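Student: Under our numbering, residues 179 to 301 are what the sequence shown spells out, in order.
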Amino acid sequence: MAQEPLATKGNFLHIYDFIVEKGREDEFIKLFEEFDYSDGNPMHKSWAQVKDGVLCRDTENPQRFFLIAEWSDIVEHAKIRKVLAEEIKPAFVGLIEGRKFVPKYVEVVSSTPDEILEKAAEG
């Protein structure tokens with residue numbers, strides 16, 4: 179059994195689900211990483227980000243991607259997202275079909291309690 183839940187009950191995940199222009203997937207990943215890991219990314223400076231995001235690629239459709247991260251406050255995330263969309267405008271968004279880069283927010287309503295994880299670790 180895994181020793182740490184993916185997310186913590188009571189927190190939130192943002193899940194972006196989007197399609198990248200055909201043939202530009204590698205360019206998208208490069209531009210995303212350049213921005214995401216830069217000092218110019220305000221998401222990484224927020225007190226509300228619990229776990230850094232992961233960019234995932236669909237195994238059946240190489241144009242489809244998901245971006246998932248854990249936050250303690252989705253209102254804070256939405257404020258920062260607005261700054262990204264209206265002021266910073268990262269280049270990678272220009273490679274997304276329809277230029278739509280809007281998350282679905284979900285609440286974590288169950289995650290493995292510490293006592294269960296501790297018991298599993300003991301074997």
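Idealized CB from N, CA, C, for every residue including glycine.
Quantities reported herein were computed from a predicted structural model and do not represent experimental measurements.
#1: Excluding five sequence neighbours on each side, which residues of the same chain lie with their C-beta closer than 6 Å to the C-beta of PRO183?
#2: Please report the distance separating the alpha-carbon of HIS192 from that of ASP292.
#3: Work out the CA separation of GLU238 and VAL198 for me, nearest whole Å.
#4: Quick check: LEU273 and LEU209, are their CB atoms within less than 8 Å of each other?
#5: So who's on the other strand from ASP195, going by DSSP bridges?
#6: Closer than 7 Å by C-beta to LYS308: which residues in its own chain qualify, once you throw out the five before and the five after it? Chain order, please.
#7: So, are the CB atoms of TYR194 and PHE244 less than 8 Å apart?
#8: Considering Cα atoms alone, identify which of TRP225, ILE266 and LYS267 is closest to TRP249.
#9: Fully enclosed by the segment 209-272, which beta strand (DSSP E) runs are 3 residues long or longer?
#10: Output yes or no for whether 8 Å exceeds the beta carbon distance between GLN181 and LEU295.
Tutor: According to the data block:
#1: SER289 and THR290
#2: 24 Å
#3: 14 Å
#4: yes
#5: PHE244
#6: The chain is shown from 179 up to 301; residue 308 falls before or after that span and cannot be answered.
#7: yes
#8: TRP225
#9: 227-235 and 242-249
#10: yes
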